[in-house]
Structure formats: C-alpha cells, structure tokens
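Residue numbers (the numbering used here): 841 to 1106. Cβ coordinates follow ideal geometry from the N, Cα and C atoms, glycine included. Heads up, the thing below is written out as structure tokens.
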Ligand code: SAH
C-alpha cells in the first residue's frame, strides 16, 4: 500500500481523473491511498489568499510559503515520520521510467502543484526533490502530479493485473515495445497511401511461439534503433538480442554504404 498526498489549489483537477481507470480501481481496492489537499484550507485570512506579488517587482504572482508549510506540517502530523516532498517544476530533474521505479518503492510521497509564476524560493527548504515532466511550461503542477502519480502507481505491485505486461512495456528494459495487433485480421483503410487492405504479420498468426518471440525481439530492437538509438546504450539485452542488434546495425551500415556508392555514381 502506497500513500500519496497532493497539495493543490484546484482539487477538482485531480479528483475527477483519479476516479477512472486502473488508478481509480487501485484506490478502491486499497492498494493506493491518495489524499487531495486544498492549499486554501491552510490559509488563515478571510479571503484564503495563497499568492502574492514578487519582491523586486515584475509580472505575475508567486505562491506564498506559509500555507504550504502549514499543509506539510499537517500531512507530517497525520502520516507520521519524515516526508518525501516532490515539487513539480520545469526546473527540476527530468522524470523518467527509472524515477518512477524508484518512487514506486516508497511508502509515501507528497506532490506539490505550483501555479502562477511558481513557488516562493524558500519552499524548497521543505522539498526533497524537484521533478520536471519535460522541457515545456504548463500553467500548473496538477497535470505533472497526475503524470507522476499514474506512472508510479502502475508499478506498485497488484495495481496492474498482469505483471508480465508491465515488465514488457516500453522503457521497462530500456527498449521500445514491439508492434501489437488485434482482430480483425484484415481491415480496409484510406490513409495517406490511398485505399488498401491492412493485414497482420503472418508470424503472429502462425502459432509458432519461438518464432513470435524472436520476431517481437527483432521489431522492438529495430524500432528502438530507428527512433531512440540513445536508449540502446543503457538497455539490458540478452544474448539473442545482442546478436539481432548486431545484425540490424550491419544492415543499417550496409544501407548507408549502398547509398553513398549510389551517390558516387551520379
Ligand atoms: N515561472 C516558473 C514556471 C511556473 S509554471 C519557471 O519559469 O520556472 C507554474 C507551475 O506549473 C510550476 O510551479 C509547476 O508546478 C508547474 N509546471 C509547469 N511546467 C512544468 C513541467 N514541465 N514539469 C513539472 N511541473 C511543471
């Protein structure tokens, strides 16, 4: 069981999506305990103000530190023990599958959702780590908190029914997933290439499990080599995969040499 506290000024942005799908079912089944905390509940003034103008001037508003400190004190008192406090921020370390795996091993995390120009710098005094979901700026930390929670939750044992499927997913071993097909065996499509019938690779319907496994390895490796060669350095490959990858690289080199020869003849 993992517990997650999310601090936000827009609780509805979190509560609605949490009710659906695999994460919703995990909460129902008691595998996850998620509490959404309205930052305004930790203000002490009549207008429940959470932001203020920046010292030194300039555009926008900054989230005040006191309500956040009070929220963290309340969470610490309720949960007991030291808190792992994660600040969502475009300035943070990049959130990846490796980070998700690490966080899924923790019993409890707090996610802070920023708004406006972000947090008063002194909030970082209470923060364990700062995570960014990518190099772009969003209007708030609610979507990043949901992204982090979703990626972490599906790694908590029991949350995704079929553990095998999690182990085979893209990134889990440092490779992109192989292509997947389901019924029907042929479908008519009008795509960029015009109207035609799209089939399913013969091997997948052959019933030959050794062949299917090999085909999937090859496709996963070919895809990773074509789209994300950067992943291959850190990927953990078995002997068969190492051999397939060598073959694919030789083919690739052969094609490039072939192209260069073609050019020379022009
Ligand atoms: N002025 C800030 C950006 C504030 S964006 C700066 O330049 O760093 C408002 C809030 O949205 C942030 O406090 C953070 O909680 C969230 N946010 C925006 N982009 C994000 C990203 N790429 N990853 C994680 N959180 C992000």
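query, result
"Distance CB(residue 996)-CB(residue 871) smaller than 8 Å", "yes"
"Runs of beta strand (DSSP E) wholly within the region 867 to 930 (minimum 3 residues, chain order)", "872 to 878"
"Exposure of residue 993, with buried meaning 16 or more beta-carbon neighbours within 10 Å", "buried"
"Buried/exposed call for residue 991, threshold 16 Cβ in 10 Å", "buried"
"Neighbourhood of residue 866 by C-beta, 8 Å cutoff - its chain only, sequence neighbours within 5 removed", "872, 993, 996, 998, 999"
"Cβ separation of residue 910 and residue 882, assumed to be a contact under 8 Å, to the nearest whole Å", "4 Å"
"Delimiting residues of the beta strand (DSSP E) encompassing residue 790", "As displayed, the chain neither begins before 841 nor continues past 1106, which places residue 790 out of reach and without an answer."
"Beta-carbon contacts of residue 937 that lie in its chain and below 6 Å, excluding the five residues immediately before and after", "1011"
"DSSP state of residue 936 mapped onto helix, strand, coil", "coil"
"Chain-order list of residues whose beta-carbon lies under 7 Å from that of residue 934 (same chain, five-residue window excluded)", "972"
"Any 3 or more C-beta pairs closer than 8 Å across the region 979 to 988 and the region 1002 to 1019", "no"
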